[in-house]
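Everything on this sheet refers to the single structure shown next.
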Amino acid sequence: VVMLQEVDTGRPTSYMIDNALWLARRLDMKEVYLPTLEHLTGIALLSRYPILDTDTLLLPSELEQTGIIWAELDVGGEPV
2 VVMLQEVDTG RPTSYMIDNA LWLARRLDMK EVYLPTLEHL TGIALLSRYP ILDTDTLLLP
62 SELEQTGIIW AELDVGGEPV
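When the letters of the sequence shown are read in order and numbered with the working numbering, they come out as residues 2 to 81.
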């Protein structure tokens, strides 16, 4: 499981590439992404374990928006 922050998606500085999706495909992992700043950057979870369920929450902020990703994974047949 890998957690990422400040992940670009569709920004010219990243050649308009969705970095979380690109990295997940390159590493053969599943991906959950939460956009936090004008849908151009965000946080992401990458997992080799199957993702059973997810939820996201944007947190209140006076400055830059941030959030939380919650995920339930199938680890060896057990939900974690």
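Positions of the beta carbon are idealized from the N, C-alpha and C atoms, including for glycine.
Short Cβ contact (9 Å threshold) for residue i with residue j
{"i": "Ile1", "j": "Ala72", "result": "Missing from the structure shown is residue 1; the chain here goes from 2 to 81 and no further."}
{"i": "Leu28", "j": "Tyr50", "result": "no"}
Euclidean distance between Cα positions of residue i and residue j
{"i": "Val3", "j": "Ser48", "result": "6 Å"}
{"i": "Pro80", "j": "Glu7", "result": "28 Å"}
{"i": "Met30", "j": "Leu64", "result": "32 Å"}
{"i": "Leu60", "j": "Pro13", "result": "26 Å"}
{"i": "Tyr16", "j": "His40", "result": "15 Å"}
{"i": "Leu35", "j": "Leu24", "result": "15 Å"}
{"i": "Glu32", "j": "Leu58", "result": "16 Å"}
Simplified DSSP assignment, three categories, for residue i
{"i": "Pro80", "result": "strand"}
Cross-strand partners of residue i (DSSP beta bridge)
{"i": "Ile44", "result": "Leu35"}
Closest residue to residue i among the options (Cα-Cα distance)
{"i": "Ile69", "options": "Asn20, Thr10 and Asp56", "result": "Asp56"}
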